[in-house]
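2 protein chains.
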Amino acid sequence: MKDMIQHLREHGILPTAQRLAIAEFIFSTDGHPSADEVWEKVKSTFPTLSRATVYNTLNLFVDKGLIKRQLLREGTVVFDAVSTAHHHFIDEESGRIYDIPWDNIEVKVKGEMTGFDVRDYQVVMRGRRKQD
Amino acid sequence: MKDMIQHLREHGILPTAQRLAIAEFIFSTDGHPSADEVWEKVKSTFPTLSRATVYNTLNLFVDKGLIKRQLLREGTVVFDAVSTAHHHFIDEESGRIYDIPWDNIEVKVKGEMTGFDVRDYQVVMRGRRKQD
DNA sequence: GTTCGTGCAAACGGTTTGCAACAAT
DNA sequence: ATTGTTGCAAACCGTTTGCACGAAC
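Chains as they are written, first to last, in my numbering: chain A, -5 to 126; chain B, -5 to 126.
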């Protein structure tokens, strides 16, 4: 809790009650929730929380570098609180998104990539989760 | 033209004038247009074409396996007519999406991936296009 | 008291859908 | 005749925005 206040302050974010509640949730889940899903969840412990505040707050967190937007679901952006680089696996049946540790996959450039200044990359996999 | 009619028929699609016009466009561009962009372009040669028909047709093409939906742009789905597997590079400045040949990048699994039945994957890169 | 954050409702933009007119078999 | 396709408009849904109220420095 105290750490979270500190964490927000370090990123230049004024730690209001709403922002704390949202931050607590998004950093405690290992899922990849949409803004509306965050709203639904946090509302249960913070009933007055408005949808607009959730959207604004999540965008603020992204701008300040606390979390990342990911294009992994159709129709909605999802947010990813894991700060270290990783890959993603999407279960085509459930739509669930799994983090794949960075070191599980080796990506090597073999062909010509001149003219492309790659700042960031990730492997996006799709398929079926067999167990779990 | 004749080939396109044939192509559609082979995929179980009745080749109407609208569908032909949309197919001609999407298979001739190397870009990754959104449905609205397809509409704008094809409308110039087919003014009566409605937006709904474009959306319906593109979805039909996806269902029948002619083209692919890609989650590479925020706010809209883009369509990809290239049937062979490839990776993508997104210019963060312009938003332009570039195809990267499959053999340019080697992806090797190093870690544990049990439980994940990977049916499909691609590398998504972001950065700046330096020349063109 | 000025700046910043919140909540509400309205607006917005991409996409889907219901429906009537129409074309194809 | 039946089935499938088109165009229009309305509906839908995720997201942003304008604005008034309220809290914090």
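All C-beta atoms in this analysis are idealised placements derived from N, C-alpha and C, irrespective of residue type, glycine included. If you're wondering where the values come from, they're calculated on a predicted model, not measured in any experiment.
Is it the case that the Cβ atoms of E86(B) and G121(B) are separated by a distance below 8 Å? Yes.
Compare the Cα-Cα distances from V56(B) to each of T108(B), V76(B), T42(B), W96(B) and report the closest residue. When only C-alpha atoms are compared, the closest one is V76(B).
Whole angstroms is fine: what's the gap from I91(B)'s alpha carbon to I84(B)'s? A direct Cα-to-Cα measurement between I91(B) and I84(B) gives close to 5 Å.
Does any residue of chain B have a CB that is nearer than 8 Å to the CB of G89(A)? Chain B contact via Cβ: absent.
Who are the Cβ neighbours of S28(A) in its own chain at under 8 Å, not counting the five residues just before and after it? Closer than 8 Å at Cβ, skipping near neighbours: R67, T70, V71, V72, F73.
Positions along the segment 57 to 71 of chain B whose CB lies within less than 7 Å of some CB in chain A: Here the close residues are L65, L66, E68, V71.
Pairwise C-alpha distance: R113(A) and G105(B): Cα-Cα distance, rounded: 24 Å.
What are the boundary residues of the beta strand (DSSP E) that F110(A) is part of? Under the DSSP assignment, F110(A) falls in the beta strand (DSSP E) whose first and last residues are 110 to 123.
Based on Cα-Cα distance, which residue from D24(B), E31(B), L60(B) lies nearest to R3(B)? For R3(B), the closest alpha carbon among the candidates D24(B), E31(B), L60(B) is that of L60(B).
One question on the structure: do R13(A) and I20(A) come within less than 8 Å of each other, judged by their Cβ atoms? Taking 8 Å as the Cβ cut-off, R13(A) and I20(A) do not qualify as a contacting pair.
Among R123(A), Y49(A), H1(A), the one whose alpha carbon lies nearest that of D111(B): The candidate whose alpha carbon is nearest that of D111(B) is R123(A).
Anything in chain A within Cβ reach of N98(B), meaning under 9 Å, just list it in chain order. Residues of chain A whose Cβ lies closer than 9 Å to the Cβ of N98(B) are, in chain order, V103, K104, G105, E106, M107.
At 8 Å on the CB atoms, spell out the chain A contacts of P95(B), in chain order. Going along chain A in sequence order, the residues near P95(B) (Cβ under 8 Å) are G105.
Please classify Q125(A) as buried or exposed, where buried requires at least 16 other C-beta atoms within 10 Å of its C-beta. That one is exposed.
Provide the residue span of the beta strand (DSSP E) that contains R45(B), from first to last. Per DSSP, R45(B) belongs to no beta strand (DSSP E); it is in the alpha helix (DSSP H), 45 to 57.
Based on the DSSP output, what are the partners of F83(A) in its beta bridges? F83(A) is bridged by DSSP to Y92(A), M119(A).
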